[in-house]
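Here the structure comes first, spelled out in structure tokens, and everything after it is commentary.
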Amino acid sequence: MWTIPSLYGATKKADELMAHAYSNLFNIPCTGLRFFTVYGPWGRPDMVLFLFTKAILEGKPIDVFNYGDMKRDFTYIDDIVEGIVRVMDKIPDPDPAWDSSHPDPGTGRGPYKLYNIGNHNPVELVRFIEILEGCLGKKAEKNLLPLQPGDVLATYADVDDLMRDVGFKPATPIEEGIERFVKWYFDYYKV
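For the sequence shown, position 107 matches number 160 in our numbering, and the numbering has no gaps at all.
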């Protein structure tokens, strides 16, 4: 039996189950993409890289949950886009070996496929903060807090299917991605 520890995860799983059902019932090709902690220029300003960058530059404390003892599979936006482009022309085929008594959630009887697009290299949050501090040339004031309800300790993208089917594996190192983001941030916000 599996459990989903968060509402966020439950909504993603529900979406995948509905797409799986439509694919199976109506023979509609469906490809699902699972993105892992996307970061980079033009990203969402409510995400951790934007929040931390802004706070550190303003000399305000950053909230570091689970005392920094968590890992995320941070994936640079260029790698996400490359993964999407590669998968766009890969129409899924039905899986002839699919068995409802031992279901593979990534395939189905209908033309259905799920792909993880992630860096497949989880980074500790404290390391992420250290890299950001180095790129900003300024130390963060950290507000160390316990784990938030519904949060997970680690994320990790298994990209074997992506590599096998479309020959792509995200590979932007976190150091390079954060440096690119900080350069963009300084330019865009005239810091």
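By construction, the Cβ of each residue, glycine as well, lies at the ideal position given by its N, Cα and C atoms. All values derive from a computational prediction rather than experimental measurement.
{"query": "Report the CB separation of Gly230 from Gly93 in whole angstroms; it is logged as a contact under 8 Å.", "result": "6 Å"}
{"query": "What is the DSSP secondary structure of Val134, reduced to helix, strand or coil?", "result": "helix"}
{"query": "Output the distance between the C-alpha atoms of Ile115 and Glu69, rounded to the nearest integer angstrom.", "result": "34 Å"}
{"query": "Sort Asp146, Leu104 and Phe89 by Cα distance to Lys65 and report the nearest one.", "result": "Phe89"}
{"query": "Give the list of continuous beta strand (DSSP E) stretches no shorter than 3 residues that lie fully inside the segment 66 to 153.", "result": "83 to 88 and 115 to 118"}
{"query": "Are the Cβ atoms of Ile227 and Val176 separated by less than 8 Å?", "result": "yes"}
{"query": "For Asp99, count the other beta carbons within 10 Å of its own beta carbon; 16 or more makes it buried, fewer makes it exposed. Which is it?", "result": "exposed"}
{"query": "Starting from Lys166, trace the beta strand (DSSP E) in both directions and tell me its first and last residue.", "result": "Tyr165 to Ile170"}
{"query": "May I ask you to check if the CB of Val134 is nearer than 7 Å to at least one heavy atom of the ligand SAM?", "result": "Inclusion of the ligand SAM in the displayed structure is not the case, the ligand content being empty and no account of it being possible."}
{"query": "Identify which residue in Lys113, Ala74, Asp152 and Pro199 has its Cα closest to the Cα of Asp122.", "result": "Pro199"}
{"query": "For Gly322, I'd like the list of residues in its chain whose CB is within less than 8 Å of its CB, leaving aside the five on either flank, ordered along the chain.", "result": "This structure does not reach residue 322, given that the chain is present from 54 up to 244, and the question cannot be answered."}
{"query": "Report the three-state DSSP secondary structure of Val179 (helix, strand or coil).", "result": "helix"}
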